[in-house]
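Right, one structure below, let's go through it.
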Amino acid sequence: MGLVSTDTGHRWPGRRIPYVIDDTDFPEGSAGRQEIQRGIDLWNAQAPLPLVPRAGEGDYVRLREAAANLHSAVGRQGGEQGVYCDIGASRQQRIPGQRSQASPALAATGNSIHLVHIGNGSHDLWHSMFDGTKWSTNVRIPGQQSKAAPALATFTGGVHMVHLGNSSNDLWHSVFGGSSWSTNVKIPGQQSKAPPALAAHGGRLHMVHLGDTSNDLWHSVFDGTKWSTNVKIPGQQSKGTPALVSDGTRLHLVHLGNTSSALWHSTLGGAAWTPNVRIPGQASKAPPALAFDGTAVHLVHLGETSNDLWHSTFDGTAWTPNVRLAEEKSKAAPSLATFGGRVHVVHLGDTENDLWHSLIDQGSRNLAAAIVHEVCHAAGIMHEQSREDRDLFVTVHDDQIQAGQGHNFEKRTDSADDSGLYDYDSVMHYGPFFFAKTAMTPVLSPGPATGGFLGAFANIGRAQNFSAGDIETLHAYYPAWTPNTPIDGQESRGTPALAEFGGLLHRVHIGRSSNDLWHSVFDGAAWTPNVRIPGQKSKVPGALAAFGGGLHLVHLGDSSNDLWHSVSDGASWSANVKIPGQKSKATPALAEYGGLLHLVHLGDSSNDLWHSTFDGAAWTPNVRIEAQQSRGTPALAVHGGLLHMVHLGDSSNDLWHSTFDGAGWTPNVRIPHQQSHGVPALAAFQGRLHLLHLGNSSNQIWHSIFDGTWRPNVPVEGQSSSVGVGIAPFGSQLVMVHVGDGSTGLWHSSYTR
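Going left to right, the sequence shown walks through residues 5 to 757 as the working numbering numbers them.
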């Protein structure tokens, strides 16, 4: 679900992030600015802390364009800070000294990309290689010419090329073995009026091409020795060159219509091609190009009436809507190859024969999600694969990470805490091949865990939006507490007790300077004046819970450790009755669970915890909870079918958690990284367990959520108390009442997620 910064200064005050959009990187009216706005809209539609236009705030973010390897700082830094959004502004580079009068062809090996193209003014074929940094000077392939673009594919350790003849439709085959090209050989009985398509799949090299004089599509395979007789693919025609790629399981074919610019998709998974299906909403005036990056099939094509380049991906089920590759245009079909974990594009210029090279990255194929990812960093959220528990869920292959990118996969145990369950679907999770050295071996593979996580490994790096876990993490990191307001005319020197009963929220507290017990109710708008409960006093605060049609109060004596019990019907309180044989040196805790009222309290003179129940008629003798002690009042709440208890340590500020299932208590477990110098408060609300407590050495109030695991605690902005707080659910809000930090006044706040 998340990995959050432990630096509380990284959180944005007011649950909002002021922003500006950089006008130089994203000018008004530009496509890039529109993408930024879409990302902002996506964020604001779901995140609990909105992006708001800066209105003079000193701390704010500036949305900038940047390369995929330039990351935004984690959390609020102070002053202006960049949020670097790789939304696909082109970083295309002209390949020096290389021009072609027709579309180029690409194929990748383990250490390079191979580019073959015809000459600028001739039919000669030229060859160049890219090593990840620069292109080699192109070299003419001896004795080989083609009147149209060639086709390339890597197969059995070599780069295979098939091309048309210099002046004929014959198909010719040649192989580059690492140092030179073999003499090209005519493929018997096969002609095409347009360039063919090649792809290795299932241990064979596949070729699909048009007929010699027709738009029929023909299929042939090469087994390493000879080509099979080509066979017409039933029911499929194209007016231009098709495109092929293998995803390891199926061979994908995309082509133009027989007489239209529509794009059609078919697959070969066994012996026969599936009927081709039109790709919704996508058309091109020139042939398409395909590549597979280990996760998705990528499609790039020209516009239906323009030279713009458009990009779409196929996840095995459906094609995404195509998105324009910003600022990239070509007057002819592009070519794609996967190399170094990235999809590379080479294409002609918009109006000239220069060859251009660019990358398809996370930004240019998943724009809004890329923006959300970077804003999450600014909000204080780190990469999911950097969690302390990640080794259970993913295996990181350090030897496959590109040089200089290892920091993206390091565990962040010194500056961050895991929040919630591990989330494969998180927008903060990298994909298997992110920053991989090659397209053959992933950086991330599945870990040993078979449960205890969200989503599925197959989804990593493919998020189009927040996951449900991401939203939970943001809500836990930025809890929705309202500013606290004073409750006029009401004071107490101790922690108040709260409980909902009869459609009202009830509060009982001791006096400011006396042991009198006072009662007030909240109707959702205002608290009534408090009224003293006749004949009842306590030397410490009491405990309150609804049970069996009444509101129950248990408290200590005026000057003794005896425990006393009283019940209200909403109008008046019964006389309090001493609970036989039970004493406590501190305030007790009450909760209804399993049809009984449960009471947990300290011993008369020890820190042992004791447990008793009330069935509506009598209290059971209290029983010591084995091996659990606390130096202060415990807290109780029901969640997930269990009675939960949180308490302080026997002699420390550590917070401990235990549950009761109706038969016995589990051994208590320390809540990681959470301490309090005052007693905790616990309440179930909206399917989660909420814990409030003071700081380890300060009066700051902290909030933590349990939804299967304890999330990191965060300070409640602007709220402190000299003693513990009282909390209880009331309708659609969780209400907190506490004493002031340096006063006895009572303050009210609500959590309204």
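Idealized CB from N, CA, C, for every residue including glycine.
Query: Would you decide whether residue 33 is buried or exposed? Buried here means 16 or more other CB atoms lie within 10 Å of its CB.; Result: exposed
Query: Grab the span of the alpha helix (DSSP H) containing residue 464 for me, first residue to last.; Result: Unbroken run through residue 464: none, as it is neither H nor E.
Query: What residue range is occupied by the uninterrupted beta strand (DSSP E) comprising residue 548?; Result: 547-551
Query: Considering just the uninterrupted stretch of the beta strand (DSSP E) at residue 730, what are its terminal residues?; Result: 729-734
Query: Relative to the alpha-carbon of residue 649, which residue among 624, 621, 623, 602 has its alpha-carbon at the smallest distance?; Result: 602
Query: If you drop the 5 nearest sequence neighbours on each side, which residues of the same chain put their C-beta closer than 7 Å to that of residue 78?; Result: 9, 14, 381, 384, 386
Query: I believe residue 660 touches residue 666 by the beta-carbon criterion, under 8 Å. Please report the beta-carbon distance rounded to the nearest angstrom.; Result: That pair is no contact at about 21 Å.
Query: To the nearest whole angstrom, what separates the beta carbons of residue 686 and residue 698, a pair I think is in contact under 8 Å?; Result: Incorrect: roughly 14 Å between the Cβ atoms, too far for contact.
Query: Identify, in the order they occur along the chain, each residue of the same chain with its Cβ nearer than 6 Å to the Cβ of residue 19, setting aside the five sequence neighbours on each side.; Result: 53, 482
Query: Quickly, what does DSSP pair residue 342 with across the bridge? List them, please.; Result: 347
Query: Closest by CA to residue 503, which one among 739, 442, 599, 439?; Result: 739
Query: What distance in whole Å lies between the Cβ atoms of residue 211 and residue 199, which are believed to be in contact at a cut-off of 8 Å?; Result: About 11 Å separates the two Cβ atoms, so there is no contact after all.
Query: For the ligand HEM, is there a heavy atom less than 7 Å away from the beta-carbon of residue 248?; Result: In the structure shown, the ligand HEM is absent, as is every other ligand, since no ligand is present at all.
Query: For residue 330, count neighbouring C-beta atoms within 10 Å of its own C-beta (all shown protein chains included) and say buried if the count is 16 or more, exposed if not.; Result: buried
Query: In the structure shown, what three-state DSSP assignment does residue 482 receive?; Result: coil
Query: Could you tell me the boundaries of the beta strand (DSSP E) in which residue 685 lies?; Result: 685-689
Query: With distance defined between alpha-carbon atoms, name the residue in 635, 597, 607, 640 nearest to residue 619.; Result: 597
Query: Specify the secondary structure class of residue 47 as computed by DSSP and reduced to three states.; Result: helix
Query: Taking Cβ to Cβ, would you say residue 511 is nearer than 8 Å to residue 497?; Result: no
Query: Would the beta-carbon of residue 152 fall within 8 Å of that of residue 203?; Result: no
Query: Is it buried or exposed, residue 750, if we count other Cβ atoms within 10 angstroms and call 16 or more buried?; Result: buried
Query: Based on the DSSP output, what are the partners of residue 597 in its beta bridges?; Result: 600
Query: For residue 359 versus residue 103, is the C-beta spacing smaller than 8 Å?; Result: yes
Query: What residues are listed by DSSP as bridge partners for residue 531?; Result: 526
Query: The alpha helix (DSSP H) that contains residue 376, what's its start and end?; Result: 371-383
Query: Between the alpha carbons of residue 29 and residue 39, how many angstroms are there, rounded?; Result: 12 Å
Query: Grouping DSSP H, G and I as helix and E and B as strand, with all else coil, what is residue 538?; Result: strand
Query: Buried or exposed: residue 702, going by 16 or more other Cβ atoms within 10 Å of its Cβ?; Result: exposed
Query: Excluding the 5 residues preceding and the 5 following residue 600 in the sequence, name in chain order all residues of the same chain whose CB lies nearer than 7 Å to its CB.; Result: 617, 618, 619
Query: Just to confirm the assignment, what range does the beta strand (DSSP E) spanning residue 630 have?; Result: 627-633
Query: Please report the distance separating the alpha-carbon of residue 748 from that of residue 672.; Result: 33 Å
Query: Going by the CB atoms, is the gap between residue 453 and residue 363 shorter than 8 Å?; Result: no
Query: Short check: CB of residue 26 to CB of residue 58, under 8 Å?; Result: no
Query: Which residues mark the beginning and the end of the beta strand (DSSP E) in which residue 195 is found?; Result: 189-195
Query: Here's a check: name, in chain order, each residue in its chain whose Cβ is nearer than 8 Å to the Cβ of residue 135, leaving out the five neighbours to either side.; Result: 115, 116
Query: Figure out for me which residue from 486, 326, 310 has the closest Cα to the Cα of residue 304.; Result: 326
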